[in-house]
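Inspection log for the structure reproduced underneath, given as structure tokens.
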Amino acid sequence: MKDASQWVLHAFLSYLPHKEKEALLRFLPDKTKKELQTFPKVTTAISLDPFTFPTLLHEVHYSWFLPTLKSYTPKEGEFFLTALSPDQSKGLRKQEEILLSKIKITEIGKKFISFHLLQSLLGEENTLIPKEYLPDSELNILALLKKKNLVLLTNYLSLYDLAAELRQIVETKILKKIYSLLSEDQKNFIKTIMLQKEELQLPRLRLDRRELKQESLRSMLHMRGLTRLGIALSQEHPDLLWYVVHTLDIGRGTALIHASKKKNEGKAKKILQRQIVDLLPLIATP
């Protein structure tokens, strides 16, 4: 049984009367019953409605639909756009050159297309847990953030790497160059964290050996931010990672998946989780 399925089963059983619960548990293998005993206490009653994912399709960044649309002609692709939001459709038209048309489709047709698109994201087994029922974690709020907030969070996380790098550079000319490429908000945040001891040491950026330009520095830092976010999510429930990944565009999301698969100590995850929680007030509300 998939982990998500076990969690949902555990949640449903938690709200049954003791006798009914015990009667149902008799039908489960001993191994499954032991696994269910390790799950944390359920604090929210389960409803079937969220499991239909009524808004999930519109919460996914449009770029995740590109692999599916590439297997169809532009004319066929127009049918898929009828199931998406105006912003998603606009983004896909720019990528796939799908023409704006006045195509009409029945509600049954839209439901079929929506199901097909969801299946392309979730797979046939569809074991994704609704956001409301993710196991308790301080990082669950990340599943509620918009893309712009997640990108901003990633950028702030990367400044911990930059602060560690600045401590290693002694040449004034290089330091001035780096600071000239930063925004005022970045400079102010750097001043704050430079006073703190960096508990997590990642490989150096080696900015003293690179030709520094604003765009290349921004890109390099952003990848470091994604690495930190990936480490923080590496030991969280995989469905939380799914929501964060699919809120981001497919490029950032894929990089985040790779970062989350790297082996890291539990200490690193705890440090980064604390950094993320501290940064949440700076990146606005969901």
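The numbering of the sequence shown is my numbering, which starts it at 26 and goes up by one. By construction, the Cβ of each residue, glycine as well, lies at the ideal position given by its N, Cα and C atoms.
Secondary structure, beta strand (DSSP E): runs of 3+ residues fully inside the region 199-285 = none
What do you reckon, are the CB atoms on L153 and D264 nearer than 8 Å?
-> yes
Taking just the CA atoms, how far does E236 sit from T197?
-> Cα to Cα, the separation comes out at about 16 Å.
Give a yes or no on contact between the region 251-258 and the region 274-294, applying the rule of three or more CB pairs nearer than 8 Å.
-> yes
Leaving out five residues on either side along the sequence, give the residues of the same chain with a beta carbon under 7 Å from the beta carbon of M26.
-> Here the model assigns M26 a pLDDT of 42, short of 50, so the residue's position is not dependable, and the following value carries that caveat. These residues qualify, in order along the chain: T57.
Between which two residues does the alpha helix (DSSP H) carrying G116 extend?
-> 111-121
What did DSSP end up calling P79 once you bin it into helix, strand or coil?
-> coil
Minimum C-alpha distance to T63 - residue among L53, H35, Y87 = H35
Would you call the region 203-214 and the region 179-192 in contact, with 3 or more CB pairs under 8 Å?
-> yes
T80 versus K201 - alpha carbon distance | 48 Å
Within 8 Å, strictly: CB atoms of N165 and L159 | yes
Secondary structure of F64, DSSP reduced to three states = DSSP places F64 in coil when its eight states are reduced to three.
I194 versus W32, R231, L225, residue with shortest Cα-Cα distance = R231
Pick from W267, I130, K136 that is closest to G148, judged by C-alpha positions = Among W267, I130, K136, the Cα nearest to that of G148 belongs to W267.
Same chain, Cβ closer than 8 Å to I256, five either side skipped, listed in chain order = Only A284, S285, K287, N289, A293, K294, L297 meet the Cβ criterion.
In angstroms, rounded to a whole number, what distance separates the CA positions of L117 and K46?
-> 48 Å
Nearest CA to the CA of L53: which residue from Y97, K66, F90, L38?
-> L38
Taking the continuous alpha helix (DSSP H) assigned at T93, which residues delimit it?
-> Under the DSSP assignment, T93 falls in the alpha helix (DSSP H) whose first and last residues are 91-94.
In this structure, does DSSP put H35 in helix, strand or coil?
-> helix
Rounded C-alpha distance that separates E101 from T107 = 11 Å
So, L14 versus L82, is the Cβ gap smaller than 8 Å?
-> Here the chain has residues from 26 to 311 only, and residue 14 is not among them.
Out of S241, E60, S162, I123, point me to the one whose CA is closest to V302's CA.
-> S162
Cα-Cα separation, I199 to S244 | One alpha carbon belongs to I199, the other to S244, and they sit about 18 Å apart.
Which of the three DSSP states, helix, strand or coil, is assigned to R299?
-> helix
Rank I203, Y97, L94 by C-alpha distance to the C-alpha of D233 and give the top, closest one.
-> Per the Cα distances, I203.
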